[in-house]
Amino acid sequence: MKILIAEDEALSRRLLEKTLERAGYEVITVENGKQALEQLCKHEGPRLALLDWVMPELDGPGVCRAVRTRADQTYVYMVLLTSKGSKEETVLGLESGADDYLTKPFNAEELRARLRVGERILLLEDRLVEARENMRFRATHDPLTSLLNRGAIMDLLSRELNRSRREQKSTAILLGDVDHFKRVNDTLGHVVGDEVLVEIANRLLGSVRSYDFVGRYGGEEFLVVLNSCDPNYAPGRAEDIRKSVSHRPIQTAKGPLSPTMSFGVLLSADWGPRPVEELLHEVDIALYEAKGAGRDCLRLAKPGPQAEVLSAALSQSARRRD
């Protein structure tokens, strides 16, 4: 584990460095508070720190206070080293954000023991962060495919539509359904059906850009959101995504399968400032048109004359609100 030693006295700094290297730490040394703060605020910087109280540029408590104001970084366990031993000084040091306090001259074994306490606290903090991230992932992702779940991708789609309207760009919405999927479940079993869904999810995710969204909309339906998508190229991109599913068989426990998908496609630039639910209803209609056209194809949702009039009226109303 990396540890920072901030000590302006060269001999003390060297003795600490040797002691901690023998204890197995990766040691970084600096000679003033400003350098200490720079090291502790680096990405993947040290998470253990020994800070001398009195240093040039910035003292130990000042470093502690500055580090604690940075809410965006992982926790740093900081120990103040000082020749001051009064209760008032101890309180001042701990209230500055230090985790522990060691009075010089100190015993090397006591120092190592206190640092091991710090390591245990950092390990606990890492586990808590990991548990929090796991809970967040489970709340926003589908447990089978690990794609965004319906709630999460609906939220992102709504945000993206608002952004594309502000920036006068277009968002492409693709709603896809696995063709004849019920037949797979009924004849080969749900385990094979799950294998098919997982592989299709991987292929969809692999066919889009890193800043596009793919989510499981429900059952065998998937929602793909292509951000800032040029309307001239959107149909071609949608066709490539459709082909990515069927370009090679999926290997399952019951042998290879060659599933296909049908897609409804909608370009937000064609529809104006509509509610997301309304756009999804229209792309769903286009999906069923693709199903009716023989499956393994896509159909583009286009507004009719009445919809175009409504779109123009909504756009004018939105401009007045802006």
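Quick note on numbering: the sequence shown equals residues -11 to 310 in my numbering. Using N, Cα and C, we set each Cβ at its ideal position, and we do this for glycine too. In this text, all values refer to a predicted model and were calculated from it rather than measured experimentally.
Quick one, are the C-beta atoms of residue i and residue j less than 7 Å apart?
i, j, result
"F210", "G164", "yes"
"R191", "S232", "yes"
"L311", "R35", "Here the chain has residues from -11 to 310 only, and residue 311 is not among them."
"L68", "V51", "no"
"A160", "L214", "yes"
"D87", "M66", "yes"
"V55", "V64", "yes"
"S333", "C217", "For residue 333 there is no data in the structure shown, the boundaries of the chain being -11 and 310."
"P247", "V184", "yes"
"E208", "V166", "yes"
"C84", "P49", "The residue you asked about is not Cys; residue 84 is Ser in the sequence shown. Cβ atoms of S84 and P49: closer than 7 Å."
"V212", "L267", "no"
To which residues of the same chain is residue i closer than 8 Å at the C-beta, ignoring the five residues directly before and after it?
i, result
"E227", "L286"
"V105", "D88"
"Q294", "Confidence in Q294 is poor, its pLDDT being 45 and thus under 50, which makes the residue's placement too unreliable to answer from."
"E277", "G252, R287"
Look up residue i in the DSSP assignment and give the residues it is bridged to.
i, result
"K(-10)", "E14"
"E209", "D165, G206"
"Q239", "P244"
"H129", "L136"
"G252", "L163, R287"
"T337", "Because residue 337 is not part of the residues shown, which for the chain are -11 to 310, the question remains open."
Would you grab the beta carbon distance between residue i and residue j for me? Rounded to a whole angstrom, and I think it's under 8 Å.
i, j, result
"L8", "V15", "5 Å"
"G203", "N137", "7 Å"
"T91", "S71", "7 Å"
"P44", "D(-4)", "6 Å"
"S195", "I229", "5 Å"
"A11", "R124", "With 8 Å as the limit, A11 and R124 do not qualify as a contact, their Cβ atoms being about 36 Å apart."
"E118", "M(-11)", "So it is not a contact: roughly 17 Å between Cβ atoms."
"S250", "R283", "5 Å"
Leaving out five residues on either side along the sequence, give the residues of the same chain with a beta carbon under 7 Å from the beta carbon of residue i.
i, result
"A289", "G252, V253, L254, E270, V271, I273, A274"
"T133", "L185, V186, A189, R204"
"K170", "none"
"Y199", "N215"
Excluding five sequence neighbours on each side, which residues of the same chain lie with their C-beta closer than 6 Å to the C-beta of residue i?
i, result
"L4", "I(-7)"
"P131", "none"
"N173", "G181"
Checking contacts by CB at 7 Å: is residue i closer than that to chain B?
i, result
"S195", "In summary, chain B is missing from the structure at hand, where a single protein chain is found."
- request: Give a yes or no on contact between the stretch 172 to 182 and the stretch 239 to 251, applying the rule of three or more CB pairs nearer than 8 Å.
  value: With contact defined as three or more Cβ pairs closer than 8 Å, the stretch 172 to 182 and the stretch 239 to 251 are in contact.
field: Given 8 Å, three or more beta-carbon pairs between the stretch 144 to 156 and the stretch 249 to 264
entry: Pairwise C-beta distances place the stretch 144 to 156 in contact with the stretch 249 to 264, as three or more of them are shorter than 8 Å.
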